[in-house]
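A.B. asks: Take 1 as the starting number for the sequence shown in full-length UniProt numbering and just add one per residue.
Where is the CB? At the ideal position from N, CA and C, for every residue including glycine.
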Amino acid sequence: MTDQSAAESTTPVILELWSDLVCPWCWISKRRVEAAVAAFERPHDVTLRMRSYELDPLLPVGERMGVAEHLGRKYGGGVEGGRLMNAHVSDVALDDGLSFDWHRAVRANTFDGHRLCALALELGGPALQSAAYERFHSAHFREGLPIDDHGVLQRLAAEAGLDERRVAAVLAGDDYAARVREDEELARSMGVTSVPFLLANGHAATSGARSVEDYLALLRGVVTEGV
């Protein structure tokens, strides 16, 4: 594949990124995919849509636990093991312009947050959806806010640019719940068991937080080779 052939192609690219709002590697992956799109020869022909995935769908709403303690229980090693995992991802994220405050971050159920991200996509397309993801990520990782609290979600969504009345209506009911479940079921049908997971034009896939160069190569491959 060549830069020239990618520039000459007329193939549009639809990127679908499965992600969770409390997954640091997902935030890193999102930023790297966006950087790859910006470096791509035809960035305006690329659409990035975020899709929902819950790492802990059974986590009770309102249950509060520090992220290090949670990781230590889930993967072993206790709180110290969780802290080491957090330190590693923090070191990696520095090159992507991201920082995390692990002393404040608390684990939270993300289902309602994903519903609001689906609302954002409907209200303002991928750009508003991206803004919602960024605001929720920042609230969780940098501000230690519980992003399963409806009052917190109401404020964060408004700050991201969503209509406050629509947000309140969604949080008061079950709108977009089916949309979130559809994303998760689609992921399961493809054998996805962890995120981030990126799908390009419905068939070219990559999992994990890859480099910007890897994502750029994927973009070019999709438009020049159909792979």
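#1: What residue ranges within the segment 77-137 form continuous alpha helix (DSSP H) runs of no fewer than 4 residues, ordered along the chain?
#2: Grab me the residues of Glu213's own chain with a C-beta within less than 7 Å of its C-beta, minus the 5 sequence neighbours each way, in chain order.
#3: So for Thr224, helix, strand or coil by DSSP?
#4: What are the start and end residues of the alpha helix (DSSP H) that includes Leu156?
#5: For my contact list, Leu153 and Ala39 are in at a C-beta cut-off of 8 Å; report their separation, rounded to the angstrom.
#6: Taking only three categories from DSSP, how would you classify Val212?
#7: Buried or exposed for residue 230, please, with buried defined as at least 16 other CB atoms from any protein chain shown within 10 angstroms of its CB.
#8: What is the rounded straight-line gap between the Cα of Leu171 and the Cα of Glu164?
#9: At which residue ranges does the segment 3-72 contain complete beta strand (DSSP E) runs of 3 or more residues, listed in the order of the chain?
#10: Per DSSP, what kind of secondary structure is Leu145 in: helix, strand or coil?
#11: State the start and end residues of the unbroken beta strand (DSSP E) segment that holds Ser207.
#12: Can you tell which of Arg210, Asn86, Val180 and Ala139 has the C-alpha that lies nearest to the C-alpha of Ile28?
#13: Taking the straight line between their C-alpha atoms, what separation do you get for Val167 and Ala35?
#14: Taking only beta-carbon atoms, is Glu164 less than 9 Å away from chain D?
#15: Compare the C-alpha of Ser19 against each of Val223, His44, Leu198 and Met85 and name the closest.
#16: Can you give me the start and stop residues for the alpha helix (DSSP H) that Ser189 sits inside?
#17: Short of 6 Å in beta carbon distance, which residues of its chain neighbour Ser90, apart from the five on each side in sequence? Order them along the chain.
#18: Smallest Cα separation from Leu123: which of Tyr176, Asn109, Gly78 and Ala108?
C.D. replies: The short version:
#1: 78-93
#2: One-based indexing of the sequence shown puts residue 213 at position 213. So the list is empty, once near-sequence residues are dropped.
#3: Along the sequence shown, read from residue 1 onward, the residue named residue 224 stands at position 224. Correct three-state label for Thr224: helix.
#4: Locating residue 156 in the sequence shown gives position 156, where the first residue counts as 1. Unbroken alpha helix (DSSP H) run through Leu156: His150 to Ala160.
#5: Residue mapping note: residue 153 aligns to position 153 of the sequence shown, counting from 1. Residue mapping note: residue 39 aligns to position 39 of the sequence shown, counting from 1. The Cβ separation is near 33 Å, so there is no contact.
#6: For the purposes of this step, residue 212 is identified with residue 212 of the sequence shown, where counting begins at 1. Three-state DSSP puts Val212 in a helix.
#7: In the structure as shown, the chain begins at 1 and stops at 227. Residue 230 is therefore absent and cannot be evaluated.
#8: Against the sequence shown, residue 171 aligns to sequence position 171. Against the sequence shown, residue 164 aligns to sequence position 164. Cα to Cα, Leu171 sits roughly 11 Å from Glu164.
#9: 13-19 and 46-52
#10: As a working note, residue 145 is residue 145 in the sequence shown. Looking at Leu145 - three-state DSSP - the assignment turns out to be coil, as it is neither helix nor strand.
#11: Reading the sequence shown from its first residue, position 207 is the one you call residue 207. Where Ser207 is concerned, the enclosing beta strand (DSSP E) stretches over Ala204 to Ser207.
#12: Residue numbering aside, residue 28 sits at position 28 when the sequence shown is read from its first letter. Selected option, being the one with the closest Cα: Arg210.
#13: On the sequence shown, position 167 is the one that residue 167 refers to. On the sequence shown, position 35 is the one that residue 35 refers to. Straight-line Cα distance between these residues: approximately 30 Å.
#14: The displayed structure is made up of one protein chain only, and chain D is not part of it.
#15: The residue labelled residue 19 in the question sits at position 19 within the sequence shown. When each option's Cα is compared against that of Ser19, the closest is Leu198.
#16: Here the question's residue 189 lines up with position 189 in the sequence shown. Residues Ala177 to Ser189.
#17: Here the question's residue 90 lines up with position 90 in the sequence shown. Closer than 6 Å at Cβ, skipping near neighbours: Phe100.
#18: For this step, residue 123 is matched to residue 123 along the sequence shown. For Leu123, the nearest C-alpha among the options comes from Tyr176.
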